[in-house]
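Novice: Mind having a look at this structure? Questions to follow.
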Amino acid sequence: SRKDTEQYYTLFDPVLEAHAEADKRLIDDLKHAINNKDIDLYYQPVVDANSKAVLGVEALARWHHPEQGLIMPIKFIELAEKNNLIGQLGEVVLEKACQQLAQWRAQGIDIFMAVNLSPIQFNDPQLISKIKYYIDYYDIPAHRLEIEVTESALLESNHATGHMLEELINLGVRLAIDDFGTGYCSLSYLKNMPAHKLKIDKSFVDELELDKTTTAITRSVISLARELNITVTAEGVEKESQMKWLQEQQCDQFQGYLFSRPLPSDKFCLWYKQHNAT
Ligand code: C2E
Ligand code: CA
Ligand code: CA
Ligand code: CA
Numbered sequence: 409s410r411k412d413t414e415q416y417y418t419l420f421d422p423v424l425e426a427h428a429e430a431d432k433r434l435i436d437d438l439k440h441a442i443n444n445k446d447i448d449l450y451y452q453p454v455v456d457a458n459s460k461a462v463l464g465v466e467a468l469a470r471w472h473h474p475e476q477g478l479i480m481p482i483k484f485i486e487l488a489e490k491n492n493l494i495g496q497l498g499e500v501v502l503e504k505a506c507q508q509l510a511q512w513r514a515q516g517i518d519i520f521m522a523v524n525l526s527p528i529q530f531n532d533p534q535l536i537s538k539i540k541y542y543i544d545y546y547d548i549p550a551h552r553l554e555i556e557v558t559e560s561a562l563l564e565s566n567h568a569t570g571h572m573l574e575e576l577i578n579l580g581v582r583l584a585i586d587d588f589g590t591g592y593c594s595l596s597y598l599k600n601m602p603a604h605k606l607k608i609d610k611s612f613v614d615e616l617e618l619d620k621t622t623t624a625i626t627r628s629v630i631s632l633a634r635e636l637n638i639t640v641t642a643e644g645v646e647k648e649s650q651m652k653w654l655q656e657q658q659c660d661q662f663q664g665y666l667f668s669r670p671l672p673s674d675k676f677c678l679w680y681k682q683h684n685a686t
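Per full-length UniProt numbering, the sequence shown starts with residue 409, numbered consecutively.
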């Protein structure tokens with residue numbers, strides 16, 4: 409039985425034992441890092457599809473581990489979600505993002521800041537008042553903050569989450585549906601979503617012009633979004649040819665290595681000034 413198997417492993421498998429031990433240490437380190445606000449944000453530019461002007465950035469979490477070096481979110485977000493740390497981690501990210509946005513605004517850099525929220529963060533009834541607190545404290549126009557929630561999280565969302573999203577929008581904050589296309593969302597559902605933006609997932613962008621179905625879906629998503637007045641951002645744009653095709657379909661915004669990788673704040677400032685000068 410499953411129970412016996414578990415017991416067997418916990419008692420006798422030295423390899424799994426070592427993994428569990430390493431995981432436990434990593435969780436402790438992560439807890440420590442979050443408590444010390446030692447999670448860094450990198451910023452990936454989002455550009456206008458036609459003018460290529462920088463419209464905003466997406467804040468992406470990075471963890472500089474004292475021994476293991478740079479750890480990517482794919483390795484620690486899930487760990488945080490599974491160990492009841494994502495609420496606190498999410499707050500650190502929100503605060504740092506708002507603080508950075510305020511700092512840039514003071515330097516005359518007027519762009520939006522997009523922040524990723526884990527669906528688990530919606531279990532916190534204080535979430536919206538915390539977001540409001542940071543907006544007020546750092547004196548940010550609410551419409552310059554964009555919250556990204558994945559399509560799959562929205563599909564599974566309950567009544568309470570729906571209500572919180574409404575409150576968020578009433579604050580003036582923008583809502584983006586992240587990883588659009590991966591959640592097998594029916595297009596008609598967009599009509600009932602109060603979203604301002606949808607972000608076409610990289611897996612779709614990768615297959616443009618290579619896969620007929622993907623190409624057709626992407627074309628109709630962009631056209632429907634336009635009719636519904638929803639902004640479309642294409643994620644993971646790496647090739648000139650992808651950009652050209654997306655421009656032809658009148659996609660609004662681009663994000664991807666073709667323009668820039670995520671950058672630490674000082675590097676972003678340099679990139680921003682160079683990019684805007686050309
Ligand atoms: P995401 O929200 O879909 O973010 C986009 C990811 O695609 C980022 O990976 C970005 O570096 C990568 N990317 C952007 N353009 C390109 C490209 O042209 N080519 C390729 N190969 N990759 C590209 P990253 O930073 O590793 O983040 C991975 C995921 O971790 C994010 O996916 C997001 O789901 C999650 N994440 C990151 N930061 C946070 C956070 O603060 N909170 C939460 N809840 N999740 C976060
Ligand atoms: Ca995102
Ligand atoms: Ca995404
Ligand atoms: Ca993604």
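Glycine included, C-beta positions come from ideal geometry on N, C-alpha and C.
To which residues of the same chain is LEU654 closer than 6 Å at the C-beta, ignoring the five residues directly before and after it?
Specialist: Counting only Cβ-Cβ distances below 6 Å, and skipping sequence neighbours, we find ALA642.
Novice: Of all the options GLY589, ALA550, THR623, which has the alpha carbon lying nearest to the alpha carbon of GLU575?
Specialist: The shortest Cα separation from GLU575 among GLY589, ALA550, THR623 belongs to ALA550.
Novice: Going straight from the alpha carbon of ALA514 to that of THR621, what length do you get?
Specialist: Each residue's alpha carbon lies about 46 Å from the other.
Novice: With respect to the alpha helix (DSSP H) encompassing PRO481, which residues constitute its N-terminal and C-terminal limits?
Specialist: Its alpha helix (DSSP H) spans residues 481 to 490.
Novice: Between which two residues does the alpha helix (DSSP H) harbouring PRO422 extend?
Specialist: 422 to 443 is the span of the alpha helix (DSSP H), which, as asked, contains PRO422.
Novice: Grab the span of the beta strand (DSSP E) containing GLN452 for me, first residue to last.
Specialist: Unbroken beta strand (DSSP E) run through GLN452: 447 to 456.
Novice: Of all the options GLU475, ASN492, TRP471, which has the alpha carbon lying nearest to the alpha carbon of ILE482?
Specialist: Residue TRP471 is the option with its Cα nearest to ILE482.
Novice: Quick check: what's the CA-CA separation for GLU656 versus SER649?
Specialist: Taking the straight line joining both Cα atoms gives about 11 Å.
Novice: If we ignore side chains and look at the alpha-carbon of each, how far apart do GLY589 and LEU562 end up?
Specialist: Near 12 Å, if we compare the C-alpha coordinates of LEU562 and GLY589.
Novice: If we require 4 or more residues per run, which alpha helix (DSSP H) segments fall completely within the stretch 491 to 524?
Specialist: Listed in chain order, they are 494 to 514.
Novice: By how many angstroms is the C-alpha of ASN458 removed from the C-alpha of GLY498?
Specialist: If I take the Cα positions, the gap works out to 33 Å.
Novice: Measuring CB to CB, does GLN496 end up less than 8 Å from ILE442?
Specialist: Cβ distance < 8 Å, so GLN496 and ILE442 count as in contact.
Novice: Which two residues bound the contiguous beta strand (DSSP E) that contains LEU583?
Specialist: Taken as a continuous stretch (DSSP letters only), the beta strand (DSSP E) holding LEU583 covers 582 to 588.
Novice: Kindly identify the DSSP beta-bridge partner or partners of GLN661.
Specialist: According to DSSP, which records beta bridges pairwise, GLN661 is partnered with ASP456, THR641.
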